[in-house]
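Engineer:
2 protein chains.
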Amino acid sequence: MTAAQLSVAFFLQMFFILAVCRLVGMAARKIGQPQVVGEMIAGVLMGPSLFGLVWPRAQQFLFPPDSLEVLYVGAQLGVGLYMFIVGIEFKTDLFRSRARSAAAVSLAGILVPFLLGAALALWLIRVPGLIAESVDLHEAMLFMGASMAITAFPMLARIIYERGLTGTALGTLALAAGAIDDAVAWCVLAVVLASFGGGWGGAALAIGGGAAYAVIITLLGRRALAPLGTAAERHGDITPSVLAIVLMLFMFAAWGMDAIGIHAVFGGFLLGTAMPRGQFAAQLRRQLEPFAVVFLLPMFFTYSGLNTRLDMVNTWELLLIALVALAAAIGGKGVACWAAARLTGEDNRTALAVGTLMNARGLMELIILNIGLSKGVIGLPLFSIMVLMAIVTTLMASPLFELVYGRHARAAGTLHKIE
Amino acid sequence: MTAAQLSVAFFLQMFFILAVCRLVGMAARKIGQPQVVGEMIAGVLMGPSLFGLVWPRAQQFLFPPDSLEVLYVGAQLGVGLYMFIVGIEFKTDLFRSRARSAAAVSLAGILVPFLLGAALALWLIRVPGLIAESVDLHEAMLFMGASMAITAFPMLARIIYERGLTGTALGTLALAAGAIDDAVAWCVLAVVLASFGGGWGGAALAIGGGAAYAVIITLLGRRALAPLGTAAERHGDITPSVLAIVLMLFMFAAWGMDAIGIHAVFGGFLLGTAMPRGQFAAQLRRQLEPFAVVFLLPMFFTYSGLNTRLDMVNTWELLLIALVALAAAIGGKGVACWAAARLTGEDNRTALAVGTLMNARGLMELIILNIGLSKGVIGLPLFSIMVLMAIVTTLMASPLFELVYGRHARAAGTLHKIE
């Protein structure tokens, strides 16, 4: 396909993607689910698991092989910018007020699913096609552990915020624990990816470079970026020049982390945490979020869905693995977090709600799985199994939250309604 | 290159593009030129005319051939969205208050450059490599006529708006004449493109389809889209769902116009003119413009610049053609508009200012030239010559405006300062 043909195909493809994501998203919201659940499912429906199965020619026409590269680049930009926005909203001062239970919940929420995931890898590595042959057992254990330990932190934060729970015991606890968990899981993933960097030299570059970047951003980032905030406050809004500088920094960070063998999303996220807060953060989000979330993220869900082959989960053993993975995910995260919260003295409702919220994997899980797939750690069947796990744990969150916490809190008048 | 390598290259490329566009743009503004002039020049500097000439290996590294498709798709999306935003801001009720002189100026501003451009085609078609051999003389005349008659309408509108001239004689006149001129020039271009549609069937599809789309949008669009405005007003802002619907419509319109053989930008522009006005338009612009203008448009300027081969303008004849084309552009547009304004009774300063503003070609010219190049109407040398003309006429506008109008108006206190 020529560039001009690609661009025509792109417009039609995006029309289709936006339409399907919106429709399934609307249907999801009708039954009390967040938009993101709808888009996760929409991506799978557009892939070989449904659309490609029932009408392969139409699917080939809408997603010709040549067009997938553009979709991939758009998807990477989308998740990179999304993680940047998550970084902008990341608050590091949450931990203090509820330090003890937050530490317990986050430790349980990391350790138990990590151990279960690592144990699962012992089984998975013996089933052909699930984990790449070039992957060592300890790498497989690290990757499966990290991917089990992920929490849909941005979704959790949005639920807490939208429901007006920010200042409550539940809100503080869930936000702090979710933030710690995701930070740790991403660090483990970074180590896994670094170890794929082609021998010791590659691993040293990845770990050293990633650590150096994290240290520089954490120590100097805030101060170095402060002038951007001052400039935005002087003008009353973020000028095109300031936005261009922010995007430049983002591109450089994303490229750097990609180039040393980690992943663009780390660059974006860490840069986001160092951005000036207050007015500046709000305005930056307002300028970037609509396009990133409404336009670019559906490209990611679609690309991810095109790689999801539920038809490959076609033996009793694979089905069993899917069920065990799901059980490990729920038991390791949801149950462990509930237990940890109870043991540190939270009441049962709060503990149940924390477990429910922490258990949702959401978009974050899809990001880590796609990284694993593209770096050749896991194969398509395992990818599909884990996507299923991500969707189910995310689907569970809203009704369970309503059941264990929402209806009581609403009766007590302490829960905001959301549209 | 694999998709993953492309995405790494993309981040680095965008860092470079954003940096160069911002730096040259800042330099341009230092000398009183608008940002767009800087970005036009930045694009050319990144291409084979400078960067590729002095450091070909670095240029190849930053712009590997495989990466150009992504750049092209982003560029098309950028100009499509930009024209959509121009459409959103397009006001059709300007003409009445100054109908006589507006009609005269716009007629002169179309007819004279069109005739000069068409006449120039008589010469160009005999010089090898300038116009494709498959192009008939009358098609070449139409294309050269249309591309001479273009006005940088969005830039003109922005200057008028930023300087607080919206309600003045000059403002009304220039906006009305610029709008008519661009509308007519784009119609001519649509006819030219339609005639390339592969025989009579293709031409009929393009002309018929384009006309049908224009009629439907004009007659039914406003009413059909009104509910979007109501929804946005009810929520106080454009929700992600409404934004998604708008983007879906945009994708469909862009795809449709591309698919029938015209061009995505028409789809975007016409759709924009039918969007609800007021609050809705302002919010939509606020959500789309930052990303489209700061991120996507630089991709267009770069892609255009990568095709600009000033080194190909290397014979005395080509140099002469460049000078004649420039003279025809300035004489046909600037001088003719000034004369028409004078003849319909405007004072000399207003007439000079109108001529100056109408003469700038800006981004609009680059869009039409890139369409001509990608559809195989013109070759690289003529493309480069016309890019040069676009840059020079755009560069002229600000200092000339200051000379003939700005300093007097500022002395009289009727001109806003802009930062």
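Order-wise, the sequence lines are chains A and V. Under this note's numbering, the first residue of the first sequence is numbered 1, with each subsequent residue one higher. Under this note's numbering, the first residue of the second sequence is numbered 1001, with each subsequent residue one higher. Ideal Cβ positions, reconstructed from N, Cα and C, are used throughout, including at glycine.
Which first and last residues belong to the alpha helix (DSSP H) in which residue 1172 of chain V is found?
Structural biologist: From DSSP, the alpha helix (DSSP H) with residue 1172 of chain V extends over 1169-1195.
Engineer: Between residue 1405 of chain V and chain A, is there a C-beta pair that is closer than 8 Å?
Structural biologist: Not closer than 8 Å to any Cβ of chain A, the Cβ of residue 1405 of chain V fails to qualify, so no.
Engineer: Measuring only the C-alpha atoms, how far is residue 1419 of chain V from residue 1033 of chain V?
Structural biologist: Residue confidence for residue 1419 of chain V is low, a pLDDT of 43 falling below 50, so the modelled location carries little weight; the figure read from the coordinates is stated next. Spanning the two alpha carbons is a distance of roughly 12 Å.
Engineer: State the beta-bridge partners of residue 131 of chain A as determined by DSSP.
Structural biologist: DSSP, once it has assigned bridges, lists A/378 as partnering residue 131 of chain A.
Engineer: Leaving out the 5 sequence neighbours to the left and right, which residues in its chain are closer than 8 Å to residue 168 of chain A when beta-carbon positions are compared?
Structural biologist: Around residue 168 of chain A: 414.
Engineer: In chain order, what residues of the same chain lie with their CB nearer than 6 Å to the CB of residue 1370 of chain V, ignoring the 5 residues before and after it?
Structural biologist: Correct list, in chain order: 1304.
Engineer: To which residues of the same chain is residue 1220 of chain V closer than 7 Å at the C-beta, ignoring the five residues directly before and after it?
Structural biologist: Excluding positions up to five away in sequence, the list is empty.
Engineer: Closest by CA to residue 261 of chain A, which one among V/1347, V/1057 and V/1008?
Structural biologist: When only C-alpha atoms are compared, the closest one is V/1008.
Engineer: Would you say residue 1258 of chain V reaches chain A, if we count a Cβ-Cβ gap shorter than 8 Å as a contact?
Structural biologist: Yes, its Cβ sits closer than 8 Å to a Cβ of chain A.
Engineer: Just verifying my parser: in three-state terms, what is the DSSP assignment at residue 63 of chain A?
Structural biologist: Coil, per DSSP.
Engineer: Using 8 Å as the threshold, is the C-beta distance between residue 273 of chain A and residue 90 of chain A below it?
Structural biologist: Yes, these two residues count as a Cβ contact at 8 Å.
Engineer: Pull up the distance between the alpha-carbon of residue 1194 of chain V and that of residue 16 of chain A, whole angstroms please.
Structural biologist: Distance between the alpha carbons of residue 1194 of chain V and residue 16 of chain A is about 26 Å.
Engineer: Determine the extent of the alpha helix (DSSP H) in which residue 359 of chain A is found, giving its start and end residues.
Structural biologist: Element bounds for residue 359 of chain A: 348-359.
Engineer: Quick one: using the 10 Å Cβ neighbour count with 16 as the cut-off for buried, is residue 2 of chain A buried or exposed?
Structural biologist: So residue 2 of chain A ends up on the exposed side.
Engineer: Counting only Cβ-Cβ distances shorter than 7 Å, please list the residues of the stretch 1292-1317 of chain V near chain A, keeping chain order.
Structural biologist: Against chain A - using a Cβ distance shorter than 7 Å - the residues of the stretch 1292-1317 of chain V are 1293, 1294 and 1295.
Engineer: Let me know the secondary structure DSSP gives residue 1258 of chain V once reduced to three states.
Structural biologist: If DSSP states are grouped into helix, strand and coil, residue 1258 of chain V belongs with the helices.
Engineer: Exposed or buried, what is residue 263 of chain A when buried is set at 16 or more other beta-carbons lying within 10 Å of its beta-carbon?
Structural biologist: Looking at its Cβ environment, which holds 16 or more other Cβ atoms inside 10 Å, residue 263 of chain A is buried.
Engineer: Are the stretch 134-147 of chain A and the stretch 109-121 of chain A touching, with three or more C-beta to C-beta distances below 8 Å?
Structural biologist: Touching, per the Cβ criterion.
Engineer: If contact is defined by three or more beta carbon pairs under 8 Å, each pair taking one atom from either stretch, is the stretch 1050-1063 of chain V in contact with the stretch 1378-1387 of chain V?
Structural biologist: Touching, no, given that fewer than three Cβ pairs across the two stretches are closer than 8 Å.
Engineer: Going along the chain, which residues of its own chain have a beta-carbon closer than 7 Å to the beta-carbon of residue 312 of chain A, five neighbours each way excluded?
Structural biologist: So the qualifying residues of the chain are 380, 381 and 384.
Engineer: Rounded to whole angstroms, what is the Cα-Cα separation between residue 224 of chain A and residue 216 of chain A?
Structural biologist: If you take the alpha carbons of residue 224 of chain A and residue 216 of chain A, they lie about 10 Å apart.
Engineer: Just to confirm my understanding: we take residue 1250 of chain V, look at its own chain, exclude 5 residues before and 5 after, and list those with CB closer than 8 Å. What are they?
Structural biologist: Only 1080, 1081, 1084, 1267, 1268 and 1271 meet the Cβ criterion.
Engineer: Please work out which residues of its chain come closer than 8 Å, Cβ to Cβ, to residue 1404 of chain V, disregarding the five sequence neighbours upstream and downstream, and give them in chain order.
Structural biologist: Same-chain partners within the cutoff: 1349, 1352, 1353 and 1356.
Engineer: For the alpha helix (DSSP H) holding residue 1312 of chain V, just list the boundary residues, first then last.
Structural biologist: Careful: residue 1312 of chain V lies outside any alpha helix (DSSP H) and carries neither H nor E.
Engineer: Measuring straight from C-alpha to C-alpha, what distance separates residue 129 of chain A and residue 1293 of chain V?
Structural biologist: Residue 129 of chain A and residue 1293 of chain V: Cα-Cα distance of roughly 45 Å.
Engineer: Helix or strand or just coil, what does DSSP make of residue 22 of chain A?
Structural biologist: Reduced to three states, the DSSP call for residue 22 of chain A is helix.
Engineer: List, in order along the chain, the chain A residues whose C-beta lies closer than 7 Å to that of residue 1004 of chain V?
Structural biologist: Simply 374.
Engineer: Taking contact to mean at least 3 C-beta pairs separated by less than 8 Å, is the stretch 358-368 of chain A in contact with the stretch 34-45 of chain A?
Structural biologist: As far as the Cβ criterion goes, the stretch 358-368 of chain A touches the stretch 34-45 of chain A, which means the pair count is three or higher.
Engineer: Can you tell me whether residue 1057 of chain V is buried or exposed, with buried defined as 16 or more other CB within 10 angstroms of its CB?
Structural biologist: With fewer than 16 Cβ atoms within 10 Å of its Cβ, residue 1057 of chain V is classed as exposed.
Engineer: According to the neighbour-count rule (16 or more other Cβ atoms, all chains shown, within 10 Å of its Cβ), is residue 1278 of chain V buried or exposed?
Structural biologist: Its Cβ having fewer than 16 others within 10 Å, residue 1278 of chain V is exposed.
Engineer: Assign residue 1125 of chain V to one of two classes, buried (16 or more other C-beta atoms within 10 Å of its C-beta) or exposed (fewer than that).
Structural biologist: Buried, because 16 or more other Cβ atoms sit within 10 Å of the Cβ of residue 1125 of chain V.
Engineer: Taking the alpha helix (DSSP H) that residue 1101 of chain V belongs to, which residues open and close that run?
Structural biologist: Taken as a continuous stretch (DSSP letters only), the alpha helix (DSSP H) holding residue 1101 of chain V covers 1099-1124.
Engineer: Can you confirm whether residue 1060 of chain V, when its beta carbon is compared against all beta carbons of chain A, has any partner nearer than 8 Å?
Structural biologist: Not closer than 8 Å to any Cβ of chain A, the Cβ of residue 1060 of chain V fails to qualify, so no.
Engineer: To the nearest angstrom, how far is the alpha carbon of residue 1309 of chain V from that of residue 1410 of chain V?
Structural biologist: Roughly 40 Å separates the two Cα atoms.
Engineer: DSSP three-state call for residue 419 of chain A: helix, strand or coil?
Structural biologist: Confidence in residue 419 of chain A is poor, its pLDDT being 44 and thus under 50, which makes the residue's placement too unreliable to answer from.
Engineer: Can you find a CB in chain A that lies within less than 8 Å of the CB of residue 1420 of chain V?
Structural biologist: Past the boundaries of the shown model lies residue 1420 of chain V; chain V is included only from 1001 to 1419, so the question cannot be answered.
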